[in-house]
Each structure stands twice: as C-alpha cells, then as structure tokens.
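Count along the sequence shown from 1, add 62, and you get the number used in the working numbering.
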Amino acid sequence: MEGFFTGYVIRGAKSHESVEPLRREPLGGPPVKASTSGAIGELEAVAAEVRQCCKCGLGSTRTHPVPGEGSSTARIMFVGEAPGADEDAQGRPFVGRAGQLLDKIIGACGLKREDVFIGNILKCRPPGNRDPREEEIFSCLPYLQRQIEAIGPEVIIALGAHAARTLLETDKPIGQLRGHFHEYSTGIGRPPIKLMATYHPAYILRNYTPETRGRVWEDMKKVLVELGLPVPDRGKG
63 MEGFFTGYVI RGAKSHESVE PLRREPLGGP PVKASTSGAI GELEAVAAEV
113 RQCCKCGLGS TRTHPVPGEG SSTARIMFVG EAPGADEDAQ GRPFVGRAGQ
163 LLDKIIGACG LKREDVFIGN ILKCRPPGNR DPREEEIFSC LPYLQRQIEA
213 IGPEVIIALG AHAARTLLET DKPIGQLRGH FHEYSTGIGR PPIKLMATYH
263 PAYILRNYTP ETRGRVWEDM KKVLVELGLP VPDRGKG
C-alpha cells in the first residue's frame, strides 16, 4: 500500500487491526496516567472550559474554539501551532489541506486518526493566521498541559517550530530540533515524555519535495521504532 511517503510501502501489517493495540507499556515502564474514565472526564472538562474561554483576545475573534480530539488512551499525541481558517470554521483540529496531509502521514505509519490525539498550542485561531503571541500562549498552554497529563502519551510529536519551541522552552530552529528525541516534562513530578519534533504539514505543502518528505518519514520511523510498532519498508514507487 503506497502512503504519503513516496517510495515507501507498508509490508506485512497492512492495517491497524493486524498490529498490537496502541496502548501498551513501553520499555522502562508505563507512563503515569489517569484511568480511562478519568481521562475522558478531564478531556471533556477541558473542552468545555475552552468553549467558554475568554482569557485572551482570541476569544472575541474566533468563530469556534478548537479544543482538540482523539483517543483518551493515545500512545501518540500530535501538537501543532494553532487552528487555521478551516479549523476555526469547523471547531476541529487539522481539517484543512494541512490536516488532510497529516491524515496521510498517520495512515502511512499504519495508524488511524482515531488512534492518536491531535491538538494545538493555541485553541483559537489568531487573526490572519499570524504567529501566536506570548500572552496567548501563556493563557492557553495550561489546557494542553492538562490534556497531556490526562492522556499520558508515550510520545508527543511537535508539528513545526512554534509547537516544538514552546514545549521544549527553546529558541532553536526546527532543523536542529527534529530528528531525535527530547524530553517533555509536565512539571508535576511525573516521568518526562519523549518528544519528537518534525515539520508542520503546512510547511511540507509549501516544500513538497522528496527531501522534505524523507526527513519527515525518518522522524516518524523513529517514533514507530520507539513504540515497537511495525515500520513500513522502503519500496520502489
């Protein structure tokens, strides 16, 4: 099955049903996380608070807030920068062209969108898709942190420079951050979570070259290896 990454095909396990369940203990022991019912309740509570939130000016300019969506037991959590126009219109994360590409990337890894959790640093769209401001991040980041704590993912994939820099508290460029694992600390005494930074799907669309896609695939492959999931073989396509 050809996926997003040109030249790569899935061999062996061709669907998620043929691989192990996404939630299983990694090497080194399981992450500390809430019970399934507790995680669902906390995610619903966060979403309800986000829908009523007016902590920054984005609360008055948004059409719909975008709390995030996905599995409450996800092993992988994707974190982007902020909702765009399509997301603002629908109230769901990554549903525009960048979201369609993210779905292809997830599928190329042998997974489904409902297996993972997808969110953003900001829960509301900045006007004109401008960069997030410091005060907006300060107001919104606690929502994401609560989602991370509730789900307890084994790997966070930071999509793009803004997400990676915010979560890692660094000003390094994405080219230096991608390609290897970092540690994300919740700051509440729990074990750190592995974090892989990679290019944002919107950047990939603007730079749709074999080189860019190859780098993203290398990042995804390291995540799959870390989780003990089947890795697609390189094909001749």
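Virtual Cβ for every residue (Gly too), placed ideally from N, Cα, C.
Since the structure is predicted, the reported quantities are computational estimates derived from the model, not experimental observations.
For T274, the secondary structure class from DSSP, reduced to helix, strand or coil, is helix.
Assignment of E196 by DSSP, reduced to helix, strand and coil, places it in the helix class. One Cα belongs to M139, the other to S97, and the distance between them is close to 17 Å. In this structure, G142 keeps its C-beta atom at 9 Å or more from the C-beta atom of G172. Ranking A220, S134 and L257 by CA distance to the CA of I213 puts S134 first.
In the displayed model, Y261 falls within coil according to three-state DSSP, outside both helix and strand. Assigned with DSSP and collapsed to three states, K284 falls in helix. In the structure shown, A151 adopts helical secondary structure according to DSSP, grouped into three states.
In this structure, G153 and P127 form a Cβ contact; the two beta carbons are roughly 7 Å apart against a cut-off of 8 Å.
Nearest C-alpha to G132 among K284, K185 and L105: L105. With respect to the 9 Å criterion, L286 and E216 are not classified as neighbours on the basis of their beta carbons. Less than 9 Å separates the beta-carbon of L267 from that of L163. Per the DSSP secondary-structure output, A220 pairs in a beta bridge with V141 and A259. Taking the Cα of T123 as reference, the smallest distance to any Cα among G190, Q238 and E245 is reached at G190.
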